[in-house]
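Numbering (the numbering used here), first residue to last: 294 to 608.
Even for Gly, the Cβ is constructed at its ideal location relative to N, Cα and C.
For clarity, every value in this text was computed on a predicted model and none was experimentally measured.
Have a look at the structure below, then the notes.
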């Protein structure tokens, strides 16, 4: 089957415009776009290249995916296309591993992972071994700049018009706003559940909790992003976590994935295999933390999950 990045002859691009000098994409500019613009560009490229693209599925962390099938062979197996979540713009090996497991579970033969921030060397190696196609900003830009000049303007306008660089809320799709990294919605957080895991388990749903604890015999793999106030690990856990409080890895604990939290403590004998980001430099009381800003949804009539949206600014 042909890659989404390979053009097809005889397939018209949507709404062709008169020939005019094309504006050129750059990898830096594309990586700075809203996640929603990038997924729409990917879907438009798939359609223009001869594929039938499904509706997009949006996750609470801004990660997105859609399926596509070659239009001339609609009976053929589908390809799953995944776009990295906002807080994981550069994809780690754990993200690729989760996609590989999901592809096997869904019995899809091909997968394409789009990561505007690129891939770690381990992620690239794993993807190559399991047959997942990796697409970073440079690869996507090359494809955009290769399409016929009379169609480039259409894609450029679609991807960059309006407020294209501010990330959107995954729930209501309104532009997010920079707000101080204080502890919002404390009363709502206190009503969230405390979760405990003590055995081998794969969690397929997005998780929002007040406190998560993985006990000594627990071995938990979260397939989607996890948001919690606090995370305490005694056993083994895999996933990507955003914590408004702290992360504590006790002796013998192993965390495979990426963490953004106000404090991260890795005690002797514990392991953190992934990227760690402190989202507020010097932890103080919740009422006095103003040194860091996050992207948050401030919809005055919010979707019931809008308040959970918290994106770390890209560096």
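Quick one: residues in its chain with C-beta nearer than 6 angstroms to the C-beta of residue i, no 5 flanking neighbours on either side, listed in chain order?
i           : result
residue 312 : The predicted position of residue 312 is uncertain, since its pLDDT is 39 and thus under 50; no value can be drawn from it.
residue 393 : 423
residue 334 : 452
residue 384 : 377, 408, 412 and 416
residue 590 : 462, 469, 599 and 602
residue 558 : 541
residue 545 : 562
residue 487 : 503 and 504
residue 588 : 460, 469 and 604
residue 431 : 320
residue 593 : none
residue 521 : 502, 505 and 536
residue 402 : 370
residue 496 : 515
residue 525 : 506 and 541
residue 547 : 529 and 564
Mind checking which residues open and close the alpha helix (DSSP H) that includes residue i?
i           : result
residue 421 : 414–423
residue 572 : Run containing residue 572: none; DSSP gives neither H nor E here.
residue 322 : 320–324
residue 334 : 328–341
The beta strand (DSSP E) with residue i in it runs from where to where?
i           : result
residue 535 : 529–542
residue 551 : 547–559
residue 524 : 519–526
residue 454 : No beta strand (DSSP E) contains residue 454, which DSSP labels as neither H nor E.
residue 359 : 357–363
residue 472 : 470–473
residue 366 : Per DSSP, residue 366 belongs to no beta strand (DSSP E) and is neither H nor E.
residue 515 : 512–515
residue 346 : 344–346
Let me know the secondary structure DSSP gives residue i once reduced to three states.
i           : result
residue 442 : helix
residue 372 : strand
residue 567 : coil
residue 393 : helix
residue 461 : strand
residue 490 : strand
residue 386 : helix
residue 408 : strand
residue 583 : Only weak support exists for where residue 583 lies, its pLDDT of 34 falling under 50; the coordinates are left without a value.
residue 378 : coil
residue 503 : strand
residue 601 : helix
residue 594 : coil
residue 403 : strand
residue 436 : helix
Between residue i and residue j, how many whole angstroms is the CB-CB distance? I'm expecting something under 8 angstroms.
i           : j           : result
residue 433 : residue 323 : 6 angstroms
residue 604 : residue 379 : 5 angstroms
residue 491 : residue 508 : 4 angstroms
residue 390 : residue 406 : Incorrect: roughly 11 angstroms between the Cβ atoms, too far for contact.
residue 518 : residue 348 : So it is not a contact: roughly 21 angstroms between Cβ atoms.
residue 346 : residue 336 : 5 angstroms
residue 555 : residue 538 : 6 angstroms
residue 437 : residue 328 : With 8 angstroms as the limit, residue 437 and residue 328 do not qualify as a contact, their Cβ atoms being about 17 angstroms apart.
residue 551 : residue 381 : 6 angstroms
residue 449 : residue 440 : The Cβ separation is near 10 angstroms, so there is no contact.
Near residue i, which residues of its chain fall below 7 angstroms by C-beta distance, leaving aside the five closest residues on each side in sequence?
i           : result
residue 255 : No answer is possible for residue 255: the residues shown for the chain start at 294 and end at 608.
residue 351 : 357 and 463
residue 386 : 413, 415, 416 and 419
residue 326 : 452, 457 and 458
residue 549 : 387, 531, 566 and 567
residue 499 : 352, 353, 517 and 518
residue 332 : 349, 357 and 376
residue 454 : none
Can you give me the Cβ contacts of residue i inside the same chain, cut-off strictly under 8 angstroms, excluding the 5 residues immediately before and after it?
i           : result
residue 365 : 343
residue 375 : 356, 357, 358, 392, 404, 405, 406 and 407
residue 606 : 471, 586, 587 and 588
residue 360 : 346, 347, 371, 372, 373, 374 and 401
residue 510 : 491, 492 and 528
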